[in-house]
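Take a look at the structure set out below.
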Amino acid sequence: MLRAALACAAVLVCALLPAAASAAPRELLVAHADGRLTVERPGAARAASARGRVRFVEPNFRYRAAGVAPPSDELFSEQWPLADARVGVQSAWAVTRGGAVTVAVIDTGADLDHPDLRDNLWTNPREVPGNGADDDGNGFVDDVHGADVVNRDGDPSDDNGHGTHVAGIVAARGANRVGVTGVAQRARIMVVKALGADSTGTALTMAEAVRYAVANGARVINMSVSGPGRSLAFEEAVQAASDAGALLVAAAGNSGRDLDADPEYPASFTARHLLAVAATGRTGRLLGLSNRGEGTVDVAAPGQSVISTASDGDYEYRTGTSMAAPHVAGALVLLAAARPDLGAGELQDALLAGARRGPAGANASLDVAGAMRRVVSASRWRAAVRGGSVRGASKRAKRRR
Ligand SMILES: [Ca+2]
Ligand SMILES: [Ca+2]
Ligand SMILES: [Ca+2]
Ligand SMILES: [Ca+2]
């Protein structure tokens with residue numbers, strides 16, 4: 019091996035390198051037989067290898083300066099919100115990619131067997147699976163990964179597809195070489211089905227779903243749901259969740275209206291720990307379909323052509339505020355994973371204080387890195403970003419053939 023490298027050294031410099039590298043490198047890395055590494059101009063490198071005592075010569079490759087290596091997920095390059103440096107997800111990953119934070123997705127259910135979701139599902143520790151009994155006495159038999167309050171059973175499988183997509187935006191399993199990654203690459207997704215196959219639910223199913231999520235320890239609750247009816251029962255459930263220290267994230271809704279004049283719920287509820295989220299496109303401006311209102315919308319987040327998990331183990335693109343809210347929920351999971359000691363108010367304040375100036379119609383724009391810097395010390399941030407770049411460089415180098 020070593021002998022082969024030695025024999026090749028001179029040839030590599032003179033013949034192979036220009037062909038292997040698309041542009042002739044200005045400087046070359048020379049690995050000397052005595053272990054020294056030096057950087058030389060091509061002429062000097064050629065002279066050194068002619069003298070012998072050179073193990074090999076290669077281009078002095080450059081590596082990206084900041085952030086972590088992109089995850090291995092096949093469709094990652096399609097996930098524009100995660101590539102957008104303004105949204106800051108990849109920088110935040112230098113601190114944490116998520117963890118054992120329980121996030122409830124109140125929606126149409128989820129594809130529980132999806133290869134990009136099944137490893138990130140919450141598991142009810144007090145329920146024995148598949149024994150036909152309601153072991154924890156919460157009214158749902160075998161509610162292992164969440165509950166279905168529409169059909170009143172313990173299986174929140176998705177018969178629509180909406181909830182599967184939303185769940186994947188929050189926390190599809192990252193770095194597993196499959197599909198996409200969520201904003202949080204790891205989390206515990208509690209699937210609470212409050213919307214039927216027609217993607218609608220009622221004040222009753224929403225209130226019950228919120229109560230279930232809180233009773234089972236969800237720290238973050240995503241509701242990509244909207245409607246004009248102001249239900250007191252739903253509002254009381256949201257208020258109780260907020261009072262209990264859960265963080266609630268609500269989609270602003272897709273009717274293109276000003277919520278300050280025409281409120282929709284749950285976005286327009288006034289609970290302390292509720293964030294209303296409008297949807298932006300790639301330009302950072304609100305989508306025409308997104309509801310807006312600077313008195314109501316706390317933060318804007320990407321919601322256009324978002325690829326995520328779909329029914330039957332598939333993937334698909336969707337657009338709307340339903341896709342924007344789970345970006346914020348995922349961000350809150352990351353913050354909670356980085357600082358498990360902080361309460362809901364502190365995490366929420368960090369998310370808003372770290373946000374960028376919003377587009378017209380929203381108070382702020384999501385900046386996960388900005389929020390992360392508010393919850394970790396300056397030295398932890400610097401160490402994470404520095405460590406991330408080193409790890410990233412070595413992984414990229416290994417992958418190079
Ligand atoms: Ca049960
Ligand atoms: Ca059981
Ligand atoms: Ca069911
Ligand atoms: Ca994945």
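Numbering of the sequence shown is given in the numbering used here, commencing with residue 19 and proceeding in unit increments. Virtual Cβ for every residue (Gly too), placed ideally from N, Cα, C. No experiment lies behind these values; they were computed from the predicted model shown.
Next item on the list: Report the three-state DSSP secondary structure of Val196 (helix, strand or coil).
Entry: Val196 falls in the coil class under three-state DSSP.
Notebook entry, point to check: Cα separation between Ser383 and Met341?
Noted result: 15 Å
Check: Taking 7 Å as the cut-off, is the CB of Asp152 close to at least one heavy atom of ligand 1?
Finding: yes
Item checked: Thr126 (DSSP reduced to helix, strand or coil) -> DSSP, read as helix, strand or coil, puts Thr126 in coil.
Checklist line | Complete runs of the beta strand (DSSP E) confined to the segment 199 to 237 [at least 3 residues] | finding: DSSP runs (the beta strand (DSSP E)) wholly in the segment 199 to 237: 204 to 211.
Note to self: Less than 8 Å between the C-beta atoms of Gly106 and Asp385, yes or no?
What the structure shows: Their beta carbons are under 8 Å apart, which means Gly106 touches Asp385 by this criterion.
Check: Relative to the alpha-carbon of Leu55, which residue among Gly61, Arg229, Glu76, Arg69 has its alpha-carbon at the smallest distance?
Finding: Glu76
Margin query: For Asp5 and Gly376, I'd like the C-alpha separation in whole angstroms.
Written below: No statement about residue 5 is possible, as the shown extent of the chain runs from 19 to 419 and does not include it.
Check: Rounded to a whole number of angstroms, what is the C-alpha to C-alpha distance between Gln257 and Ala289?
Finding: 5 Å
Notebook entry, point to check: From the DSSP output, which residues share a beta bridge with Pro77?
Noted result: Leu46
Notebook entry, point to check: Who are the Cβ neighbours of Arg229 in its own chain at under 7 Å, not counting the five residues just before and after it?
Noted result: Only Ala255 meet the Cβ criterion.
Check: Is it right to say Ser40 is buried, meaning 16 or more other beta carbons lie within 10 angstroms of its own, or is it exposed?
Finding: Residue placement at Ser40 is poorly supported in this model, since its pLDDT is 41, which falls under 50; the coordinates still yield a value, given next. Counting Cβ neighbours within 10 Å, Ser40 comes out exposed, since fewer than 16 surround it.
Note to self: Rounded to the nearest angstrom, what separates Gly247 and Phe79 at their Cα positions?
What the structure shows: Across the structure, Gly247 and Phe79 are spaced so that their CA atoms are roughly 60 Å apart.
Notebook entry, point to check: Mind listing, in chain order, the residues whose beta carbon lies closer than 6 Å to a non-hydrogen atom of ligand 4?
Noted result: That gives Asp91, Asp134, Ala190, Arg191, Gly192, Asn194, Val196, Gly197, Val198, Thr199.
Notebook entry, point to check: Residues near ligand 3, CB to any non-hydrogen atom under 5 Å, in chain order?
Noted result: Asp166, Asn169, Asp171, Asp173
Next item on the list: Could you spell out the range, first to last residue, of the alpha helix (DSSP H) harbouring Thr339?
Entry: 339 to 356
Margin query: Is there a C-beta anywhere in chain D that falls below 8 Å from the one on Trp140?
Written below: Chain labels in this structure do not include chain D; a single protein chain is all it has.
Next item on the list: Please check the pair Asp171 and Ser329, which I expect to be a contact at CB under 8 Å, by giving their CB distance rounded to whole angstroms.
Entry: Going by Cβ atoms, the distance from Asp171 to Ser329 rounds to 19 Å, so no, they are not a contact pair.
Next item on the list: Look up Glu334 in the DSSP assignment and say whether it is helix, strand or coil.
Entry: strand
Note to self: I want to check one thing, is the minimum distance from the CB of Asn240 to the heavy atoms of ligand 1 below 7 Å?
What the structure shows: No, Cβ of Asn240 sits at least 7 Å from all heavy atoms of ligand 1.
Check: Between Gly263 and Leu365, what straight-line distance do the alpha-carbon atoms span, to the nearest angstrom?
Finding: 11 Å
Next item on the list: Can you say whether Leu250 is buried or exposed, counting buried as having 16 or more other CB atoms within 10 angstroms of its CB?
Entry: exposed
Note to self: Here's the rule: buried if 16 or more other CB atoms are within 10 angstroms of the residue's CB, otherwise exposed. What is Arg206?
What the structure shows: buried
Item checked: Completely contained beta strand (DSSP E) runs for the segment 85 to 141, where each covers 3 or more residues -> 116 to 125
Next item on the list: Kindly list the residues whose CB is nearer than 6 Å to the CB of Gly219, restricted to its own chain and excluding five residues on each side of it in sequence; keep chain order.
Entry: The residues Ala212, Leu213, in chain order, have a CB closer than 6 Å to that of Gly219 in the same chain once the five nearest residues on each side in sequence are set aside.
Note to self: Taking contact to mean 3 or more Cβ pairs, one atom from each stretch, closer than 8 Å, check whether the segment 346 to 353 and the segment 196 to 206 are in contact.
What the structure shows: yes
Notebook entry, point to check: Is Glu145 near ligand 1, going by C-beta to nearest heavy atom under 7 Å?
Noted result: yes
Check: Using the C-alpha atoms, what's the distance from Val57 back to Ala66?
Finding: 11 Å
Notebook entry, point to check: Mind checking whether the beta-carbon of Val159 lies closer than 7 Å to any heavy atom of ligand 1?
Noted result: yes
Notebook entry, point to check: Can you tell which of Val394, Ala387, Gly405 has its C-alpha closest to the C-alpha of Arg104?
Noted result: Ala387
Checklist line | Alpha-carbon spacing of Ala190 relative to Thr337, whole angstroms | finding: 18 Å
Notebook entry, point to check: Is the beta carbon of Arg91 sitting closer than 8 Å to the one on Ala236?
Noted result: Rather than Arg, the amino acid found at residue 91 in this sequence is Asp. No, Cβ-Cβ distance for Asp91 and Ala236 is not below 8 Å.
Notebook entry, point to check: Quick one: Cα of Asn178 to Cα of Val168, how far?
Noted result: 13 Å
Item checked: Ala118, buried or exposed, once every other Cβ within 10 Å from all chains shown has been counted against 16 -> exposed
Next item on the list: Pull up the distance between the alpha-carbon of Ile239 and that of Gly271, whole angstroms please.
Entry: One alpha carbon belongs to Ile239, the other to Gly271, and they sit about 17 Å apart.
Item checked: Near ligand 2: Asn234 beta-carbon under 7 Å from a heavy atom -> no
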